[in-house]
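Undergrad: The sequence shown begins at 3 in this note's numbering and counts up by one.
Backbone N, C-alpha and C fix where the C-beta goes; we use that ideal spot for every residue, glycine too.
One structure, pasted below without further comment.
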Amino acid sequence: MTMPGQTISGWGGYPRLVDATVFSPLSQSGCRDILSQAACVIPRGMGRSYGDSATADRVLQTTCLDHFVEFDPQTGLLTAEAGMTLREILKLIVPHGWFLPVTPGTSLVTVGGAIASDVHGKNHHVSGTFSQHVVSMTMMLGSGEVVTTSSTQLPDLFHATCGGMGLTGLILSATLRLIPVTSAMITQTTIKAGSLEEVCESFEAHAQSTYSVAWIDCLATGRRMGRSVLMLGEHFDGGGLEQPARDPVRVPFHTPACLLNRMTMRAFNAAYFAKASDNTTNVELLSYFYPLDALDGWNKLYGKAGFMQYQFVLPKTDGVKNMRTILTLIAQSGLGSFLSVLKAFGLANQNLLSFPIAGYTLTLDFKMSASAIELLQRLDDVVAGMGGRIYLTKDALMRESTFKATYPNWVQFEELRHKYGAVGRFCSKQSKRLGLA
Ligand SMILES: Cc1cc2nc3c(=O)[nH]c(=O)nc-3n(C[C@H](O)[C@H](O)[C@H](O)COP(=O)(O)OP(=O)(O)OC[C@H]3O[C@@H](n4cnc5c(N)ncnc54)[C@H](O)[C@@H]3O)c2cc1C
3 MTMPGQTISG WGGYPRLVDA TVFSPLSQSG CRDILSQAAC VIPRGMGRSY
53 GDSATADRVL QTTCLDHFVE FDPQTGLLTA EAGMTLREIL KLIVPHGWFL
103 PVTPGTSLVT VGGAIASDVH GKNHHVSGTF SQHVVSMTMM LGSGEVVTTS
153 STQLPDLFHA TCGGMGLTGL ILSATLRLIP VTSAMITQTT IKAGSLEEVC
203 ESFEAHAQST YSVAWIDCLA TGRRMGRSVL MLGEHFDGGG LEQPARDPVR
253 VPFHTPACLL NRMTMRAFNA AYFAKASDNT TNVELLSYFY PLDALDGWNK
303 LYGKAGFMQY QFVLPKTDGV KNMRTILTLI AQSGLGSFLS VLKAFGLANQ
353 NLLSFPIAGY TLTLDFKMSA SAIELLQRLD DVVAGMGGRI YLTKDALMRE
403 STFKATYPNW VQFEELRHKY GAVGRFCSKQ SKRLGLA
């Protein structure tokens, strides 16, 4: 199916592109036909990337390529087409006692999108990224040729494609190695921390925890700056494997953006922090990993102009001090981030454009405005100066010079794209902004 004249954007609703042509092929030969046309295209899964990485004048939507190919409940090896969502995979595997080795904070992403962004979860410090658990994958190159790639078969293509933002070729299917679980519950331990220093110490003290993530109050200043609620998680050993099916609550329309202002955010943060208490409890796996999936279309809460999600990572050395500097700049800007999340990262992997490096990563949501753009462009320079980088799957603004300085493997990445015939075949609004061929 071909749909011309479409308006598309990432999950943040900014930037918005009008008049895109969206192709939704049903088969590999349909994909080949689209690639044979003399204009570049960008693969797109569920469009859960926030900025413009899955946005282009010509978009190849993969969500019709969504079949299971093979699942072995004995070994936990699963092969699925790239348009299959993690939600559908979970429905199949959890009742058999298997779970995803790495999962982002929403189940509404495709396998292809998870690989192309090399997504991480709450367990990066122990399990690395999603693509580190990909045994192999099939891809369609710009020429239409289908190849199989893995860390041992065409490894240069594999490491360029994992985290390669759809710019090396179209991922068709992937084989994942799952992890065994004995229940659909997570034992969650909540620890309150009164400051940034305290929460970072807590991350270090609990480095052996399988999962860890902290909600952080970005509006608190002074002594309380960075006060947080750290949530640790372990798979519960026992209990059933049934996952309760619940319909998400739907946000029907864009709410007035003024509802989210500094005052309401400050009130929310104060209430959230006050309500939290140190405790350990068992929670459903889906609500632990995907709390936002319970609110369908939550991005509309930011109003019609949309929002930008900004995620950066700072190296561990001086990471806490540098994070405090950035929180101070945000507080001084007078802009608030409604939802702010802090995680600790383990070591970087070999993928050329993969985001994580050992250190701390902070994720912030800013309502779209001219002053937010100004702040984020300023923060880009500060983060780069501290040896950090911005996550490409969230980015809508980064300048070419910042990208090239903070992702030094871009040169090798471009060589690989030339070698495998991706140049002129795969491009996005983001790749053009970042100065990729
Ligand atoms: C609520 C929420 C929570 C999130 N939490 C996390 C998190 O904890 N950790 C994290 O790392 N990310 C997180 N994300 C980001 C999300 O996981 C990534 O943006 C993911 O790539 C989105 O997958 P998608 O299928 O929607 O891909 P899209 O947004 O459609 O595309 C993303 C990129 O993948 C490429 N791509 C998609 N399909 C293919 C394919 N078949 N072949 C080649 N390239 C392809 C696109 O070209 C694009 O560059 C979150 C997003 C949301 C909305």
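Just to confirm, does HIS122 get its C-beta within under 6 Å of one of the non-hydrogen atoms of ligand 1?
TA: Checking the Cβ of HIS122 against ligand 1 gives yes.
Undergrad: By a C-beta neighbour count over all protein chains shown, 10 Å radius and 16 as the cutoff for buried, is THR163 buried or exposed?
TA: With 16 or more other Cβ atoms within 10 Å, it is buried.
Undergrad: Which residues bound the beta strand (DSSP E) around ILE193?
TA: ILE193 -> beta strand (DSSP E) spans 187 to 195.
Undergrad: Of all residues in the structure, which have a C-beta closer than 5 Å to any heavy atom of ligand 1, taken in chain order?
TA: Every residue passing the under-5 Å Cβ criterion appears here: TRP13, ILE44, PRO45, ARG46, GLY47, MET48, GLY49, ARG50, SER51, SER55, ALA56, THR64, ALA84, PRO106, GLY107, THR108, VAL111, THR112, GLY114, GLY115, ALA118, SER119, VAL121, HIS122, MET167, GLY168, LEU172, ILE173, LEU294 and THR395.
Undergrad: So the candidates are GLY53, PRO182 and LYS323; which of them puts its Cα closest to the Cα of VAL96?
TA: It is PRO182.
Undergrad: Measuring CB atoms only, is the stretch 306 to 315 touching the stretch 382 to 394, in the sense that at least three cross pairs come out at less than 8 Å?
TA: The stretch 306 to 315 vs the stretch 382 to 394: in contact.
Undergrad: Do GLN245 and LEU294 have their C-beta atoms within less than 7 Å of each other?
TA: Not closer than 7 Å, so no.
Undergrad: Just to confirm, are LYS406 and TRP412 a CB contact at a threshold of 7 Å?
TA: Yes, they are a contact pair.
Undergrad: In the DSSP output, which residue or residues are listed as bridge partners for HIS122?
TA: For HIS122, which the question treats as bridged, DSSP gives no partner whatsoever.
Undergrad: Taking C-beta to C-beta, are LEU180 and TRP300 nearer than 7 Å?
TA: Cβ distance not < 7 Å, so LEU180 and TRP300 don't count as in contact.
Undergrad: I need the straight-line Cα distance from THR363 to THR177, nearest angstrom please.
TA: Going by the C-alpha atoms only, they are around 28 Å apart.
Undergrad: Output needed for ILE193: all residues of its chain with C-beta closer than 6 Å, excluding positions within five of it in sequence on either side, in chain order.
TA: Closer than 6 Å at the Cβ level, and outside the excluded window around ILE193, lie SER204, LEU232 and ASP280.
Undergrad: Is the beta carbon of THR189 sitting closer than 7 Å to the one on PHE238?
TA: Yes, they are a contact pair.
Undergrad: Beta carbon of GLY114, beta carbon of ILE173: below 7 Å?
TA: Yes, the Cβ-Cβ distance between GLY114 and ILE173 is below 7 Å.
Undergrad: Cutting at 6 Å between CB atoms, please list the residues of its own chain near SER26, excluding the five before and the five after it.
TA: For SER26, where only same-chain residues beyond five positions count, the Cβ hits under 6 Å are MET3, GLN63 and CYS66.
Undergrad: Among residues of its own chain, excluding the 5 on either side of GLY432, which ones have a beta-carbon nearer than 6 Å to its beta-carbon?
TA: The displayed chain sequence assigns Gln, not Gly, to residue 432. If we look at GLN432 and ignore the five residues flanking it on each side, its Cβ neighbours are ASP54 and SER55.
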